[in-house]
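Report on the structure given below.
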Amino acid sequence: MMVHERLRALGLIALAGLPAALVLPQPAATAPTVILDMDTVRHQPTTMGEDRHPIGTVESVPGTFGQACRFTFIADARSGFFTASARASAAWDQAAGLSFRLQGDGSANWGGLELIDGEDYALRYGYCFPLDSTEWRKVTVPWCDLVPELPAGRPVDPQTGYAPSGFGNLWFGKWWYWRDYPAHAFAVDEIALEPTVEVDRTDYTPPQGGTPRLLAKLRAKQPVTLVTMGDSLSDKQHWANREVLWSELLVGKLREQFGGEVTLVNPAIGGTVLSQNLVLMPQWLRATPHPDVVTVWFGFNDWDSGMRGERFAEMLRFATDRIRRLTGGQSEVLLLTTCPAVERWDTMEELAAAVRTVAEEKRTGLADVAAAFHGAAPEEAARPTLYCTDRVHLGPAGHELAAETVRQALLR
Numbered sequence: 000m001m002v003h004e005r006l007r008a009l010g011l012i013a014l015a016g017l018p019a020a021l022v023l024p025q026p027a028a029t030a031p032t033v034i035l036d037m038d039t040v041r042h043q044p045t046t047m048g049e050d051r052h053p054i055g056t057v058e059s060v061p062g063t064f065g066q067a068c069r070f071t072f073i074a075d076a077r078s079g080f081f082t083a084s085a086r087a088s089a090a091w092d093q094a095a096g097l098s099f100r101l102q103g104d105g106s107a108n109w110g111g112l113e114l115i116d117g118e119d120y121a122l123r124y125g126y127c128f129p130l131d132s133t134e135w136r137k138v139t140v141p142w143c144d145l146v147p148e149l150p151a152g153r154p155v156d157p158q159t160g161y162a163p164s165g166f167g168n169l170w171f172g173k174w175w176y177w178r179d180y181p182a183h184a185f186a187v188d189e190i191a192l193e194p195t196v197e198v199d200r201t202d203y204t205p206p207q208g209g210t211p212r213l214l215a216k217l218r219a220k221q222p223v224t225l226v227t228m229g230d231s232l233s234d235k236q237h238w239a240n241r242e243v244l245w246s247e248l249l250v251g252k253l254r255e256q257f258g259g260e261v262t263l264v265n266p267a268i269g270g271t272v273l274s275q276n277l278v279l280m281p282q283w284l285r286a287t288p289h290p291d292v293v294t295v296w297f298g299f300n301d302w303d304s305g306m307r308g309e310r311f312a313e314m315l316r317f318a319t320d321r322i323r324r325l326t327g328g329q330s331e332v333l334l335l336t337t338c339p340a341v342e343r344w345d346t347m348e349e350l351a352a353a354v355r356t357v358a359e360e361k362r363t364g365l366a367d368v369a370a371a372f373h374g375a376a377p378e379e380a381a382r383p384t385l386y387c388t389d390r391v392h393l394g395p396a397g398h399e400l401a402a403e404t405v406r407q408a409l410l411r
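Note that numbering that gives the first Met the number 0 has the sequence shown beginning at 0, numbered continuously upward.
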């Protein structure tokens, strides 16, 4: 595109009538640095199915600064991406985040951004954005909103975590854990590094642990909303939970005990780990921006993917801070210890210990499900009664025990 157009976009054109020598550009420290202008189609679609057909098409369309790229995804493009390399440099470590111009398709769908390390594909980070507007708008992504999708990744922070200068791939699409893969489309223009990004840095740590604000509202018979983040132990669509589910039992218990309205929002997705659900938080926040309590219950899949105690604690701290920040401190957090399985009765105890540690540090509520299950079935022969036939997912007795454990935690 023309240099004049880019200067105009950055607000660097001199007032009309002034000589060229008097043009005074803004200091470089305050101006975004373009890393992909999107004038040229660089991203290419991956393929899917036995016939290896593309997951969609990309075309050049008019953008906000010259041309842009429009990505069109076919339905069911699970783990389908438009891929391109991004040669990150030390300048990325000096930036506060990145931005891009977005034109959605006007639907209720969401798009996905994926940044991946240049050498290690286990270091991959996700971000989701709404497509509900067909107007061009600027999307700004602070580094802290790029969430590591696998245990190998640490939160993005040039000083204390993953350095963004390590990124080597910038993709658009959705990895396997998104669940919903409708046909959708969006256009992207001018991806840039942002020298400064506004981030809410308020310390929302409460003066005491537990969920006292929720309890006060329950006692006053005021309506409350619970969000249950989790994996297949909480996912209503999972086969083991279609008849009985602990969160639904909990809602019934609270309604019966206090007499007020209790709304359940359940975004849990089977097979996922904690961090992947943090990527998708904006989806449920759109309709439920300030729930009274957010419960966090993970561990089995995290363990399978290589997550261990110290790193799990780090991710739980990140999760607690993210929930509080994105809800403006209005949501209390209740952490649940990792549930044992029959064949992993003690195996994942370090994950449960990490939950207890973070709950105390961050002054969240704590529902010690691990301790409750151990207390309910100290004898090995009794343990399968809490589970389904696979001895991992909960049976009716296990759901009841989990619900009662959470109820008691909310009342403390």
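Note that beta-carbon positions come from the ideal geometry of N, C-alpha and C, so glycine has one too.
It should be emphasised that the depicted structure is a prediction, and the values quoted were computed from it without experimental measurement.
Status (buried if at least 16 other CB within 10 Å, exposed otherwise) for residue i
i, result
"Gln236", "exposed"
"Val60", "exposed"
"Gln207", "exposed"
"Gly269", "buried"
"Thr46", "exposed"
"His289", "exposed"
"Pro181", "exposed"
"Tyr120", "exposed"
"Ala20", "Residue placement at Ala20 is flagged as unreliable, the pLDDT there being 35, under the threshold of 50; the coordinate-derived value follows with that caveat. Counting Cβ neighbours within 10 Å, Ala20 comes out exposed, since fewer than 16 surround it."
"Ala376", "buried"
"Gly48", "exposed"
"Ala366", "buried"
"Gly62", "buried"
"Ala90", "exposed"
"Gln66", "buried"
"Ala74", "exposed"
"Val22", "In this prediction, Val22 has a pLDDT of 37, which is less than 50 and means its spatial position is unreliable; nothing more can be read from the coordinates."
"Ala215", "exposed"
"Ala401", "buried"
Separation of residue j from residue i, as counted between CA atoms
i, j, result
"Val488", "Trp296", "With the chain running from 0 to 411 in the structure shown, residue 488 is simply not present."
"Ser231", "Gly394", "13 Å"
"Arg323", "Gly259", "25 Å"
"Pro147", "Ser274", "6 Å"
"Asp451", "Tyr161", "Outside the shown range of the chain (0 to 411) lies residue 451, about which nothing can therefore be said."
"His183", "Thr56", "11 Å"
"Val198", "Glu379", "50 Å"
"Val155", "Ala381", "44 Å"
"Ile190", "Glu359", "40 Å"
"Val357", "Arg316", "6 Å"
"Asp202", "Ile54", "42 Å"
"Thr346", "Val405", "22 Å"
"Arg153", "Phe64", "34 Å"
"Arg86", "Ser304", "28 Å"
"Glu403", "Arg69", "50 Å"
"Glu134", "Glu255", "47 Å"
"Ala414", "Met228", "No information on residue 414 is available, as it lies outside the stretch 0 to 411 that the chain covers here."
"Asp50", "Gln221", "56 Å"
"Tyr124", "Asp38", "25 Å"
"Leu97", "Arg343", "42 Å"
"Pro383", "His392", "10 Å"
"Thr29", "Val40", "28 Å"
"Glu349", "Met306", "10 Å"
Supposed contact pair residue j and residue i - C-beta distance, whole angstroms, cut 8 Å
i, j, result
"Thr336", "Ala351", "4 Å"
"Asp131", "Gly105", "7 Å"
"Arg411", "Ala340", "The Cβ separation is near 27 Å, so there is no contact."
"Pro456", "Asp92", "Missing from the structure shown is residue 456; the chain here goes from 0 to 411 and no further."
"Cys338", "Phe311", "Incorrect: roughly 14 Å between the Cβ atoms, too far for contact."
Residue i and residue j closer than 8 Å at C-beta
i, j, result
"Leu263", "Val272", "no"
"Tyr126", "Val261", "no"
"Leu122", "Ala151", "yes"
"Glu331", "Asp291", "yes"
"Val196", "Thr139", "yes"
"Ala83", "His42", "yes"
"Ala239", "Cys387", "yes"
"Val187", "Phe99", "yes"
"Val226", "Val293", "yes"
"His398", "Leu253", "no"
"Thr210", "Gly328", "no"
"Gly308", "Phe185", "no"
"Pro205", "Arg362", "yes"
"Pro31", "Glu193", "yes"
"Leu284", "Leu325", "yes"
"Leu333", "Leu409", "yes"
"Asn265", "Ser246", "yes"
"Leu114", "Leu145", "yes"
"Ala396", "Leu385", "yes"
Original post:
Is the segment 165–179 touching the segment 287–305, taking contact as three or more C-beta pairs under 8 Å?
Top reply: At 8 Å Cβ cutoff, the stretches do not touch.
Subject >> Sufficient close CB pairs (3 or more, under 8 Å) joining the segment 65–82 to the segment 170–184 >> reply: Output reads yes: the segment 170–184 touches the segment 65–82.
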